[in-house]
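**Student:**
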Amino acid sequence: MTIAIVTTFQVSAQDNNRQQMTVQQRTEQRIKLLDEKLILTDEQKTKIRELYADFNKQKYPREKRKEAMEKLTTDISLLLTAEQQTTYRQMVEQAIAEKKNGKHV
2 MTIAIVTTFQ VSAQDNNRQQ MTVQQRTEQR IKLLDEKLIL TDEQKTKIRE LYADFNKQKY
62 PREKRKEAME KLTTDISLLL TAEQQTTYRQ MVEQAIAEKK NGKHV
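In this note's numbering, each residue's number is its place in the sequence shown (first place is 1) plus 1.
What follows is the structure, encoded as structure tokens:
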């Protein structure tokens, strides 16, 4: 579930440029998408940016990465209002479905 949400917040046009983007640029891109869908407050954006920064500082072995991504998704969800959480959950579910169908968002 979380793998999809972290990786799916990249627009397919950006997949071509992904190698050229820095971690910070990808983070800002994800926050922009979240903001478009969830209408984040400045405080939420700041805290989500910090969560991504902490996540990206770590070097997770493959077997631990999924768990770390799930924690990131949970931590982001905890920063959201109930209404935002509902939309976020739908975004996650859609991302999972698209990943299973081989589509990139």
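We put the beta carbon where it would ideally sit given N, CA and C, even for glycine.
State the CB to CB distance for the pair Asn57 and Val24, rounded to an integer number of angstroms; the pair is presumed to be in contact (CB under 8 Å).
**Tutor:** 5 Å
**Student:** Where do the N-terminal and C-terminal ends of the alpha helix (DSSP H) with Lys72 fall, by residue?
**Tutor:** It spans Arg63 to Leu79 - the alpha helix (DSSP H) in which Lys72 sits, taken as one unbroken run.
**Student:** Below 6 Å CB to CB, which residues in the same chain sit around Thr82 once its five sequence neighbours on both sides are set aside?
**Tutor:** none
**Student:** Take the Cβ of Thr74 as the centre, count every other Cβ of all protein chains shown within 10 Å, and call the residue buried at 16 or more, exposed below.
**Tutor:** buried
**Student:** Can you give me the C-alpha to C-alpha distance between Tyr89 and Ser78, rounded to a whole angstrom?
**Tutor:** In this structure, the CA atom of Tyr89 is about 7 Å from the CA atom of Ser78.
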